[in-house]
Amino acid sequence: MPRKPVPELARAQQQLIDDLIPSARSRRLTWSGGETQVIEAGEGPPLLFIHGGLSQATEWLPLWPQLQADFKLLAIDRPGHGLATPYDFRGVDTLALADQFLAEMVALLGLKQPVLVANSMGARWALEYAVRRPNQVGRLILVGAPAGISPRLPNMMLALRWPLTRPLMRLMFRHANANSIRQFAAQLLVAHPEKIPESFLLAKAAGQRRHHASLLAFAQRIMAYRTIHPAMLLAEKWSQLHTPTDFIWGEADAFHGPAEGKALLAQIPAATSWQLIPGAGHLPWMDAPAAVARAIRAATGSRS
Numbered sequence: 004m005p006r007k008p009v010p011e012l013a014r015a016q017q018q019l020i021d022d023l024i025p026s027a028r029s030r031r032l033t034w035s036g037g038e039t040q041v042i043e044a045g046e047g048p049p050l051l052f053i054h055g056g057l058s059q060a061t062e063w064l065p066l067w068p069q070l071q072a073d074f075k076l077l078a079i080d081r082p083g084h085g086l087a088t089p090y091d092f093r094g095v096d097t098l099a100l101a102d103q104f105l106a107e108m109v110a111l112l113g114l115k116q117p118v119l120v121a122n123s124m125g126a127r128w129a130l131e132y133a134v135r136r137p138n139q140v141g142r143l144i145l146v147g148a149p150a151g152i153s154p155r156l157p158n159m160m161l162a163l164r165w166p167l168t169r170p171l172m173r174l175m176f177r178h179a180n181a182n183s184i185r186q187f188a189a190q191l192l193v194a195h196p197e198k199i200p201e202s203f204l205l206a207k208a209a210g211q212r213r214h215h216a217s218l219l220a221f222a223q224r225i226m227a228y229r230t231i232h233p234a235m236l237l238a239e240k241w242s243q244l245h246t247p248t249d250f251i252w253g254e255a256d257a258f259h260g261p262a263e264g265k266a267l268l269a270q271i272p273a274a275t276s277w278q279l280i281p282g283a284g285h286l287p288w289m290d291a292p293a294a295v296a297r298a299i300r301a302a303t304g305s306r307s
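For the sequence shown, the working numbering assigns the number 4 to the initial residue and increments by one for each residue that follows.
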């Protein structure tokens, strides 16, 4: 039986919505693996946002005020994240799950060849879906370095996998607070942690407290001891990608730098653009929302 959303997390997310984009609304969706939520705002051509690891749909909200006049914005919680029901990732083929989940979400939302805007592990899921079902995706806009570019991961991420540090990371997730989220973001996610709204930090902390078991189990599935799991590497998948693909890259991305990102263009038959966001990190819209919004409009051909 799916668990009901934790009131604490629901309240924290609603406060973030009220602070950043009061017109947004959340509703529940039921798919074959449980329940999740979609957050919606704006009018126009649809953009479906897919968040990264250790995250949730509300991660995108600081960007949305820049886009709501031009697009129908939809953000979903991936399984075991945010207001989605907890998910047991043990023994799960996470890439098959990515394909299944996104296919069901697109169908449930009534979207036809949508533009997917995705970050980090969400980008890896979006890429897998686009490779397996090329006729179902209209365009990929990958914001920040996608997971799976190379085996290398920051030590902070590998600590989720190492036996000696895993208990400490579990404790950190179970007792996450605004301060721990800001510190983590400063090390890995953003160039300007002082810009992060307090309500954003509180919502993210509540999500990590709720899903600490799911998040650690997911990390076990996608990481080897010192690298990302070999199955997650994109490698030959790039040559199989025929969906128009745009990259928006933070100059200070802690996972993979701009040189690695720009080199991808030669590997992807349908790559169409690569945009650098100065002074921005792995979540570049947190540091420079207006610049990222302009890049998204350029990628979609919007004139606003």
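The beta-carbon is built from N, C-alpha and C at its ideal position, and this holds for glycine as well.
As a quick exercise: from the options, pick the residue whose alpha carbon is nearest that of residue i.
i, options, result
"isoleucine 152", "Phe250, Ile24, Pro281, Gln16", "Phe250"
"glycine 125", "Arg135, Glu107, Ala148", "Ala148"
"alanine 181", "Ser26, Leu171, Ser202", "Ser202"
"methionine 226", "Leu119, Met159, Leu70, Glu254", "Met159"
"glycine 55", "Asn138, Ala101, Arg136", "Ala101"
"alanine 291", "Glu38, Ile231, Pro68", "Pro68"
"alanine 110", "Leu19, Ile231, Gln139", "Gln139"
"leucine 51", "Ala269, Glu239, Ala257, Val146", "Val146"
"threonine 168", "Tyr228, Ala150, Leu19, Glu107", "Tyr228"
"proline 233", "Pro154, Pro117, Gln116", "Pro154"
"proline 117", "Pro281, Glu254, Pro48, Ser123", "Pro48"
"lysine 75", "Ala266, Gly37, Trp277, Val120", "Val120"
"alanine 150", "Arg28, Ile231, Phe176", "Ile231"
"leucine 66", "Leu23, Leu57, Asp96, Thr97", "Leu23"
Buried or exposed: where does residue i fall if 16 or more other Cβ atoms within 10 Å of its Cβ makes it buried?
i, result
"serine 35", "exposed"
"aspartate 21", "exposed"
"glutamate 46", "exposed"
"serine 26", "exposed"
"leucine 64", "buried"
"glutamine 186", "exposed"
"leucine 174", "exposed"
"arginine 142", "buried"
"serine 217", "buried"
"alanine 296", "buried"
"alanine 317", "This structure gives no information on residue 317, because the portion of the chain shown stretches from 4 to 307."
"alanine 269", "exposed"
"serine 242", "exposed"
"proline 82", "buried"
"threonine 33", "exposed"
"alanine 238", "exposed"
Take residue i and list the residues in its own chain whose beta-carbon comes closer than 8 Å to its own, dropping the five residues that flank it on each side.
i, result
"alanine 273", "Leu244, His245, Thr246, Pro247, Thr248"
"arginine 30", "Gln40, Val41, Glu43"
"glutamine 18", "Ser202, Leu205, Ala206"
So what's residue i in DSSP terms, helix, strand or just coil?
i, result
"threonine 303", "helix"
"valine 109", "helix"
"alanine 274", "strand"
"valine 95", "coil"
"proline 5", "Only weak support exists for where proline 5 lies, its pLDDT of 43 falling under 50; the coordinates are left without a value."
"glutamate 11", "helix"
"alanine 298", "helix"
"arginine 225", "This sequence places isoleucine at residue 225; arginine is not what is there. It is helical."
"alanine 179", "coil"
"glutamate 254", "coil"
"aspartate 3", "Residue 3 is absent from the structure shown; the chain starts at 4 and stops at 307."
"valine 134", "helix"
"arginine 155", "coil"
"arginine 213", "helix"
"threonine 168", "coil"
"aspartate 80", "coil"
"proline 196", "helix"
"proline 261", "helix"
"glutamate 201", "helix"
Apart from the five residues just before and just after residue i, which ones in its own chain have a Cβ nearer than 6 Å to its Cβ?
i, result
"glutamate 11", "Ala209"
"arginine 6", "Confidence at arginine 6 is low in this model, with a pLDDT of 49, below 50, so its placement is unreliable and the value that follows should be read with caution. Thr88."
"alanine 179", "Ala208, Gln211, Arg212"
"alanine 13", "none"
"glutamine 59", "Asp80, His84, Gly85, Gly210"
"tryptophan 252", "Pro261, Gly264, Leu279"
"phenylalanine 258", "Ala148, His285"
"glutamate 62", "His54"
"glutamate 107", "Trp34"
"proline 8", "With a pLDDT of 49 at proline 8, under the threshold of 50, the modelled position of that residue is not reliable, and no figure is offered here."
Considering only residues of the same chain and omitting the five flanking positions on each side of residue i, which have a CB-CB separation below 7 Å?
i, result
"lysine 240", "Leu130, Val134"
"alanine 188", "Pro196, Ile199"
"leucine 204", "Ala181, Ile184, Arg185"
"histidine 214", "Gly83, His84, Pro89"
Verify the contact flag: residue i, CB atom, against every heavy atom of the ligand MN, threshold strictly below 7 Å.
i, result
"leucine 279", "The ligand MN is absent from the structure shown, which contains no ligands of any kind."
Validate contact between the segment 210–221 and the segment 85–97 using beta carbons, cut 8 Å, 3 pairs
yes
Looking at C-beta atoms only, is the number of pairs between the segment 188–200 and the segment 281–292 that lie closer than 8 Å three or more?
yes
Say whether the segment 94–112 touches the segment 126–135, bearing in mind that this needs 3 or more beta-carbon pairs closer than 8 Å, one atom from each stretch.
yes
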